[in-house]
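FYI, the numbering for the sequence shown is 1008 to 1345, going by the numbering used here. Since the structure comes first, as structure tokens, the remarks are kept for the end.
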Amino acid sequence: MILRIQGFIVWLALVSGTALAQQLPVPSLKLPEPSNTVQTPPQGEPQPAPVTAPPANMPQLKLSARLEQEKIYQDEVFDYLIELSWEKTKETCELEFKLPLIPGGEKLKAVGSEFESENYAKPEKESVKRIYRFKYVPEEQGSLSISQADFEYRCRGTQQWFKISAPPFPLQVGKKRIHLAEVVGTLYFRLSLLAILLIAVGFSVAMVLRARKKRKAEQDALPVEKTAEEKALEVLKNADQYRIAGRYPDYFLGLEQALRRYLEEKYSIRWSARERLVEEVSRATAAELASELDFFLKFSDRVKFAGYEPKSAEMDRCYQAVRRVIEFKKMEIVGGNK
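And the structure:
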């Protein structure tokens, strides 16, 4: 009897709860009202720099990269070329370039860098190329990569710099090549090679003597050619047009070309790394000239690759450094007297 009463009470509670739930209204959710205010970043946080479009008179650049050698071997120098080209017209501006950081790479040793300009005249426009040449020596074989090269450029007279990049350049380095003497060491091969060398030397000496005799006869018949100093000073004079036009990288490139031709023709000194070149010039001329030449080479790289705009006094000093090397006259000892 007690159990029936308890069950009736539970059933009554359930029925009452269900009826009460049907009578209660459904609760409504109030959505936040839309706001027209614009959220601003908290004070103190850096604001994003505005993106500036290139000027309308800036020419469109094209970039390409390649290797000069078909195959690359360990411990041998190879050349990596990056070419920037554009079309120049009367409406386009003069471009300035700089390369803040020379591209490198793991297990790659950078040994030199330079650039040259090429101009091709066309109807109503001119094709311009700037070719950057980087020299590396791979220290091991296998798959290596040259890092990304980030160039900056702008119209001369403006402040905004723009970027153009050469992506990382993969390359495959072959095994270090072994010399023939390390592979073939037999006595028969050495004797045969010695005989061939003696014959080749004798033939070469005969050809050199014959060519020298022929050249001397031709020189006697031809008018006197310009000396190395005259040729170099002529190139040096032609470089002044770039200074007047404000094309300072091309002006310093002209100074280097005059100096390079003179050293190769006068002293048989080939253009190489700066320290070695200064040392060879010091031995061939005088120590005081070598110090000025070292200043010129460092300053020239700064103008060509870092986009530095030189002052008039600095350009005069570099010009005089090159001219003094060209016009230097070394006292020679003849018959025991100076």
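Glycine included, C-beta positions come from ideal geometry on N, C-alpha and C. Since this is a predicted model, take the numbers as computed values, not measurements.
Counterpart residues of Glu1083 in DSSP-defined beta bridges: None; Glu1083 has no bridge partner.
Pro1177 versus Lys1170, Ser1150, Leu1198 and Glu1159, residue with shortest Cα-Cα distance: Ser1150
Ala1173 - partner residues in DSSP beta bridges: Ala1156
Per DSSP, the bridge partner or partners of Val1215: Val1215 pairs with nothing; no bridge assigned.
Per-residue burial, Phe1210 [other beta carbons within 10 Å of its own, 16 or more giving buried]: exposed
Limits of the alpha helix (DSSP H) - the one that Lys1244 falls within: Ala1235 to Asn1245
Euclidean distance between Cα positions of Ile1079 and Arg1073: 13 Å
Rounded straight-line distance, which links the Cα of Lys1273 to that of Arg1219: 19 Å
For Ala1072: DSSP bridge partner residues: Ile1089
Contacting residues, own chain, Cβ-Cβ under 6 Å from Lys1037 (five flanking each side not counted): Low local confidence applies: a pLDDT of 44 at Lys1037 is under 50, so the model's placement there is unreliable, with the coordinate-based value given in what follows. So no residue of the chain qualifies.
Residue burial classification, Ala1143 (beta-carbon count within 10 angstroms, cutoff 16): For clarity, residue 1143 is Tyr in the given sequence; the question names Ala instead. Buried: at least 16 other Cβ atoms inside 10 Å.
Which of helix, strand or coil DSSP assigns to Tyr1143: strand
For Gly1112, the three-state DSSP class (helix, strand or coil): coil
Nonlocal neighbours in the same chain, by C-beta distance under 6 Å from Leu1243, ignoring five residues either side: Ala1265
heavy atom of the ligand MG below 8 Å from Pro1175 C-beta: Looking for the ligand MG in the displayed structure turns up nothing, as the structure carries no ligands at all.
Helix, strand or coil at Gly1209 according to DSSP, with G and I counted as helix: helix
Touch test, the region 1058-1066 against the region 1155-1173, Cβ-Cβ under 8 Å, three pairs minimum: yes
First and last residue of the uninterrupted alpha helix (DSSP H) at Phe1306: Ala1294 to Ala1313
C-beta contact flag for Ser1071 and Ser1134 at 9 Å: no
Ile1333 burial status per 10 Å Cβ neighbour count (16 or more: buried): buried
Cβ-based burial, Glu1103 [other Cβ within 10 Å; buried from 16]: buried
Same chain only: Cβ atoms within 7 Å of Leu1300, ignoring 5 sequence neighbours per side: Val1285, Val1288, Ala1328 and Val1332
Whole-number beta carbon distance between Thr1096 and Glu1125, since they are thought to touch under 8 Å: Going by Cβ atoms, the distance from Glu1125 to Thr1096 rounds to 17 Å, so no, they are not a contact pair.
Simplified DSSP assignment, three categories, for Glu1334: coil
Touching by the beta-carbon criterion (3+ pairs, under 8 Å), the region 1292-1299 and the region 1247-1262: no
Leu1270: first and last residue of the uninterrupted alpha helix (DSSP H) it sits in: Tyr1255 to Lys1273
Residues near Leu1270 by beta carbon distance below 6 Å, same chain, minus five either side: Ile1276
Per DSSP, cross-strand counterpart(s) of Val1180: Ile1079 and Gly1149
7 Å Cβ shell around Pro1061 - same chain, five flanking residues per side excluded: Phe1169
Given Gly1314 as reference, the closest of Leu1108, Asp1082, Gln1081 and Ala1246 once Cα atoms are compared: Leu1108
Close-in-space but distant-in-sequence residues of the same chain around Tyr1326 (CB under 8 Å, 5 per side omitted): Leu1243 and Leu1262
Collapsed DSSP secondary structure at Val1045 in the structure displayed: For Val1045, the predicted structure reports a pLDDT of 42, less than 50, and the residue's modelled location is therefore unreliable. The matter cannot be settled from this model.
Simplified DSSP state of Cys1100, which is helix, strand or coil: coil
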